[in-house]
Structure formats: structure tokens, C-alpha cells
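Undergrad: Quick one: the structure is below, questions incoming.
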Amino acid sequence: MRSFVKLFTAAALAASMLFTRVALAAPPGALQLPEFGSLADKAVQAVDITLDGALLNLASGFLDTKKPEDAAAKDVIRGLQGIYVRSYTFDKDFVYPQADVDLVRKQLGAPGWQKLVMTRDNREHSKVDIYVCVNGGRSCGLAIIASEPREFTIVNIVGSIDLQKLHTLEGKFGIPRMSLDEKK
Amino acid sequence: MSDDLEKRLRAALRPVDPGESFTRGVLERIGSEQAQPRWGTRRTRLRWVSAALAASILLAGVVAHQWQAQRTRRGLDARRQLLEALTVTSHKLDIAYRVVNDQDDNTTASDPDDRT
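Protein chains in written order, with my numbering: chain A, 16 to 199; chain B, 2 to 117.
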């Protein structure tokens, strides 16, 4: 009887630990972004945005759907669990640690992540890599890593994202509309 | 003259027996005050309850207003951050589209057979 109680206690403990681990585990599509705190001091412009599901819900309640950009934003964030942006602009070339950017790139090699677009502009020395996370046939996240000599940006959108909706953001946030089809 | 004034004052301030009715009234009043409950009369209690209720409502109103103001502040801040995040995302996507377009144009230009 005593050994049964011990076994039962051990099993319950293991189950609770597993449950805690599962509950605390990051959802698929979420990246572990390094701390860029020291970079913020060096940067001439720093954007550090962390919007989890609760904050996205809160923000959604304050969007005015009569405004086109608010309506577009509301449409895009439906089904999202988080948006994380780290963007730094410097007044000198390549002062940001490449190792930190590589650390994020390494996470994108994990199963589930697929490279969607990889662009290299040799004139402006800019690189933009776009990855999408697919889980069970559905997109569960998006990652954009963009680097230029004096700027680097990491965007991580967690949740079921519709790329078509993201594409419709063009022309609504001060970005000129420019579609592949139009140019062809 | 001063003797006369003194006599008149003494006469006016001489001890006077208040009378039995006055004494009885005082004693009755003392008795009735002792008989009152600890928290006063019903009317007094009602006043206290009303004041406490009014103070509670006022306090709840102030707390609710502050909570709402804080929520609004956080909501507007989250909205601003969301629009900024989408602007950055949109900008980076635009760069990618532009580069892909340029590459596509170059490929088409260098390969005339593709135009047909």
C-alpha cells in the first residue's frame, strides 16, 4: 500500500510538472528574441514592441473601424496571439552584433518554419528574409529578419496569419502600394 | 454709589433654588440619555449608514474612474504600438516585394523568350 502511494505521488508530480511545462511553453511560431537592451543605447532610433494576446485584444478595442488603417489592422490581428518587433537604426555601419541576429536565424531552422522569401539587394546592401511557421497545415507564425548596414529589424508575428491580409496593409500605413502583378 | 451697585449685584447673583420641577426635568433627561442604545437612536444610525453608503459609492466611483482611465491609457498605448508594429512589418514586406519585383524585371529583360 505504501509503495502504491509513493508511486501515485510520483506520477502526480510528474504529470503536474509536464502540465506546467506544456502550459509555459511558447506557442508554435514564437521566437526567443535576445535582449537588445544595450543596443537601444547605441541606436539613434529604437523600436521595441511586445504585444501579447491580451494587449492585442485591448488594442483591438481601441481601433476605430471607420479609419481605413485601423480597420485593416483589426482585420490583420484577428487570430493573432502576439506581435513582437525589435528594430534599431544606427548612425554607423554594422554596429549591431551579428551573433544575436544569427541566434534568431538559427531558431528558424527548427521544424515547422519554412523560408518564404529571401532577398538580397546588393546596391543597398540590404537583406530581407521572410519565414512562415506552418503547423498542421495552418500558418502559426511569421518572422521577418531585415538587415541593412545601419539598421536591423526582427518581426515575429505569432498566430494564424493570413499573408494575403498582410499584403493588403500596403498603401494603408504610409507605404506605397506596389504589387507584383501590377509591375508585370 | 459703589455700595449701592455692590448691593444690587449681590441681590442679582444670590443663590436661588431652581425649584422642584427644574430638578425633576434634569433628572429625567439624564435618565433618558442613559437609556439610549450605544449607537444612538434609529435616526442617528440611519444617518451613519447613509453617510457610509454615500462614502462607499463615492470611493467606488473614484476607483472605477481611475481603473477606466488607466485601461484607456493602456489601450491607446497598445493601439499606437500595434500600428507602429504593422507599419514596420509593412515597410519590410514592401522592401522584399520591391527586390523580388526588380529581380523579376531583370530576369524578363535578360531572357527575351519569356516575354512572348
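We put the beta carbon where it would ideally sit given N, CA and C, even for glycine.
If the cut is a Cβ gap below 7 Å, which residues of chain B does T134 (chain A) touch?
TA: Here the neighbours are A97, V100, V101.
Undergrad: Just mark L10 (chain B) as buried or exposed, buried being the case when its beta carbon has 16 or more other beta carbons within 10 Å.
TA: Exposed, because fewer than 16 other Cβ atoms sit within 10 Å of the Cβ of L10 (chain B).
Undergrad: Kindly say whether A197 (chain B), judged by its beta-carbon, lies nearer than 7 Å to any beta-carbon of chain A.
TA: Nothing about residue 197 (chain B) can be read from this structure; chain B reaches only from 2 to 117.
Undergrad: In chain A, which residues lie with their C-beta within 9 Å of the C-beta of Q71 (chain B)?
TA: Simply none; closest approach about 11 Å.
Undergrad: Which runs of the beta strand (DSSP E) at least 3 residues long sit entirely within the stretch 45-91 of chain A? Give them in chain order.
TA: With a minimum length of 3 residues, the continuous beta strand (DSSP E) runs that stay inside the stretch 45-91 of chain A are 60-67.
Undergrad: Between S102 (chain A) and chain B, is there a C-beta pair that is closer than 7 Å?
TA: Yes, contact with chain B.
Undergrad: Please name the residue or residues paired with I145 (chain A) in a DSSP beta bridge.
TA: Paired residues: A:V132, A:I159.
Undergrad: Based on Cα-Cα distance, which residue from A:I159, A:K130, A:R153 lies nearest to S175 (chain A)?
TA: The shortest Cα separation from S175 (chain A) among A:I159, A:K130, A:R153 belongs to A:R153.
Undergrad: Mind pulling the chain B residues with CB within less than 7 Å of T168 (chain A)?
TA: V89, K93, listed in chain order.
Undergrad: Determine the DSSP secondary structure at N150 (chain A), reduced to helix, strand or coil.
TA: N150 (chain A) falls in the strand class under three-state DSSP.
Undergrad: For the alpha helix (DSSP H) that contains V173 (chain A), what are its first and last residues?
TA: Careful: V173 (chain A) lies outside any alpha helix (DSSP H), inside the beta strand (DSSP E) at 166-174.
Undergrad: Per DSSP, V100 (chain A) forms a beta bridge with which residues?
TA: DSSP lists A:I64, A:V170 as partners of V100 (chain A).
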